[in-house]
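Going line by line, the protein sequences match chains A and B.
According to numbering that gives the first Met the number 0, the first sequence holds residues 0 to 202 in order.
According to numbering that gives the first Met the number 0, the second sequence holds residues 0 to 202 in order.
There are 2 protein chains.
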Amino acid sequence: MPSRTHGSKAGTAERTLDIAERLVQVRGFNAFSYADIATELGITKATLHYHFPGKAELGDALIARYRARFADALRGIDRELVGTRAKLDAYVGLYSAVLQGDRMCLCGILAAEYETLPTSMREAIIEFFEDNEAWLTTVVTLGQADGSISPTADPAHLSQMILDGLEGAMLVARAHGGLARFQSSGRQLLDTLTVSASTTPER
Amino acid sequence: MPSRTHGSKAGTAERTLDIAERLVQVRGFNAFSYADIATELGITKATLHYHFPGKAELGDALIARYRARFADALRGIDRELVGTRAKLDAYVGLYSAVLQGDRMCLCGILAAEYETLPTSMREAIIEFFEDNEAWLTTVVTLGQADGSISPTADPAHLSQMILDGLEGAMLVARAHGGLARFQSSGRQLLDTLTVSASTTPER
DNA sequence: GTCTATAGGCAGATAGAC
DNA sequence: GTCTATCTGCCTATAGAC
């Protein structure tokens with residue numbers, strides 16, 4: 000969800016990343032071209048190759064920026080919210096914001112194309128998932144300590160379940176059900192997971 | 000799960016579907032070509048166009064066959080198994096079998112490429128998801144009746160959560176964690192969902 | 001049904017002028 | 001940094017012979 004490039008003053012490289020990011024999140028890495036970006040940016044393909052020698056380098060930069068922005072958002076949640084359910088709700092909100100632009104999670108859609116991607120991109124995608132699982136594990140562990148999550152389950156398994164559930168909800172919702180469906184699926188996931196300690200589900 | 004084309008005697012059309020199906024499930028619809036299939040089949044691209052005029056028609060046939068095969072598998076579960084958890088375990092097993100060949104669910108990977116697909120394929124993908132949700136809803140409703148699933152949640156929401164969770168688990172697992180991760184995520188989902196009526200989780 | 005041959009387009013990428 | 005021009009290769013698709 001994190002804000003993409005700010006106001007008006009942004010270099011060609013940054014604007015390229017903004018456009019490429021959107022194209023990948025909507026259409027996938029194998030379904031956009033340098034020509035698409037060049038047209039939208041009003042420059043030539045050759046100029047694009049000056050900033051990003053090949054598609055692989057562009058992909059690397061895309062993931063690196065997305066990953067850093069997502070990590071920032073997670074730190075923001077830790078800073079501003081207390082309580083397991085509040086943090087998890089905010090986490091779901093991150094995904095909702097992405098889906099609002101008819102986009103899929105960048106690393107989620109790249110995971111679908113995983114077999115066709117260069118090694119450097121593959122490794123960075125894995126790191127994105129690991130970041131998310133690590134953060135979720137701290138939140139789940141907190142939840143087990145404060146009694147809002149059942150203490151019998153393995154926090155790592157619960158974290159995987161949450162990540163997978165939300166990535167899948169985005170994937171399916173873009174074809175079938177849209178934002179409303181994503182949100183009901185996400186809410187159901189959290190409701191099923193958390194024994195309402197103090198938070199009251201809205202229905 | 001669903002057996003692909005049987006023994007030795009299969010026409011060109013059927014063998015084309017077998018190969019195309021695998022290529023799509025592994026690489027995606029936008030990352031395979033008629034040339035890939037022709038080479039593997041030992042025929043020319045022109046022959047392929049005789050059987051399937053364009054990629055859209057091939058895609059339609061792919062989804063139709065996959066959907067029918069999946070529906071058969073669901074009927075098989077209903078025929079052979081009783082008990083909510085047993086049916087749900089078998090459902091997860093269907094997905095595990097797909098993942099074993101490093102494949103993603105056909106309609107899951109197509110959902111990632113949704114924006115780039117022809118209308119006919121889009122509609123068929125949605126129908127696949129609806130089939131699954133309808134079946135899951137009957138199982139969840141059964142589970143609420145027999146006490147193995149909490150009766151307070153909406154069966155439709157729980158069905159979405161299950162479908163989304165498994166599609167997402169496949170998506171992520173192919174990049175990170177593989178079959179083992181898919182299975183632990185799937186088990187965690189079912190364990191969280193079902194209040195162990197009689198089935199004992201393996202840990 | 002399967003082939004040869006080919007069309008026409010677009011992909012990613014590079015050389016070299018400004 | 002950005003351009004023009006161009007290369008090479010692959011893509012989907014078609015015509016027409018066998």
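No residue lacks a Cβ here, since even glycine has one placed at the ideal position from N, Cα and C.
Checklist entry - So, does the CB of L188/B fall closer than 8 Å to a CB anywhere in chain A? => result Along the second sequence, read from residue 1 onward, the residue named residue 188/B stands at position 189. At least one chain A Cβ lies under 8 Å of L188/B.
Next on the checklist: Please confirm whether G100/B has its beta-carbon closer than 8 Å to some beta-carbon of chain A.
Outcome noted: Start at 1 with the first residue of the second sequence, and residue 100/B comes out as number 101. By this cut-off, G100/B is not an interface position.
Next on the checklist: What does the Cβ neighbour count give for A144/B, buried or exposed, with the cut at 16 atoms within 10 Å?
Outcome noted: Residue 144/B sits at position 145 when you count from the first residue of the second sequence. Classification for A144/B: exposed.
Checklist entry - So which residues on chain B does G82/A lean against when the C-beta distance must stay under 7 Å? => result For the purposes of this step, residue 82/A is taken as residue 83 along the first sequence, with counting starting at 1. Chain B residues near G82/A: none, gap ~20 Å exceeds 7 Å.
Checklist entry - What's the C-alpha gap between A133/A and Y94/B? => result Here residue 133/A is taken as the residue at index 134 of the first sequence, counted from 1. Here residue 94/B is taken as the residue at index 95 of the second sequence, counted from 1. Cα to Cα, A133/A sits roughly 26 Å from Y94/B.
Checklist entry - With a cut-off of 8 Å, do at least 3 Cβ pairs link the segment 41-59 of chain A to the segment 92-107 of chain A? => result no
Checklist entry - Measuring CB to CB, does L165/B end up less than 8 Å from A110/A? => result As a first step, residue 165/B must be located in the second sequence, where it is residue number 166. As a first step, residue 110/A must be located in the first sequence, where it is residue number 111. Not closer than 8 Å, so no.
Checklist entry - List, in order along the chain, the chain A residues whose C-beta lies closer than 9 Å to that of I124/B? => result As a working note, residue 124/B is residue 125 in the second sequence. Residues of chain A passing the Cβ test: A174, H175.
Checklist entry - Taking only beta-carbon atoms, is A110/A less than 8 Å away from chain B? => result Counting from one through the first sequence, the residue named residue 110/A turns up at place 111. At least one chain B Cβ lies under 8 Å of A110/A.
Next on the checklist: Taking a contact to mean a Cβ-Cβ separation below 8 Å, would you say T191/A touches T191/B in this structure?
Outcome noted: Taking the first residue of the first sequence as 1, we reach residue 191/A at position 192. Taking the first residue of the second sequence as 1, we reach residue 191/B at position 192. For T191/A and T191/B, yes; Cβs fall inside 8 Å.
Checklist entry - In the structure shown, what three-state DSSP assignment does T15/B receive? => result Working through the second sequence from its first residue, we reach residue 15/B at position 16. Here T15/B sits in helix by DSSP.
Item to check | CB contact below 8 Å: M120/A versus chain B | outcome: By one-based count along the first sequence, residue 120/A stands at place 121. Taking Cβ atoms only, chain B never reaches closer than 8 Å to M120/A, which makes this a no.
Next on the checklist: Taking 8 Å as the threshold (C-beta atoms), are A155/B and T137/B in contact?
Outcome noted: Position 138 of the second sequence, counting from 1, holds the residue named residue 137/B. Position 156 of the second sequence, counting from 1, holds the residue named residue 155/B. Their beta carbons are not under 8 Å apart, which means T137/B does not touch A155/B by this criterion.
Next on the checklist: Would I206/B and L188/B qualify as a contact pair, given that the criterion is a beta-carbon distance under 8 Å?
Outcome noted: Lying before the first or after the last residue shown, residue 206/B is absent from chain B, which here runs from 0 to 202.
Next on the checklist: Per DSSP, what are the beta-bridge partners of T193/A in this structure?
Outcome noted: Here residue 193/A refers to the residue found at position 194 of the first sequence. According to DSSP, T193/A bridges with I148/A.
Checklist entry - Comparing the C-beta of S197/B with each C-beta of chain A, is any distance below 8 Å? => result Walking along the second sequence from the start, residue 197/B turns up at place 198. Reliability fails at S197/B, whose pLDDT of 43 lies under 50, so the model's placement of it is uncertain and no value is given.
Checklist entry - Under 8 Å between C-beta atoms, does L157/B make it to chain A? => result One-based indexing of the second sequence puts residue 157/B at position 158. Yes, L157/B lies at the interface with chain A (some Cβ there is under 8 Å from its Cβ).
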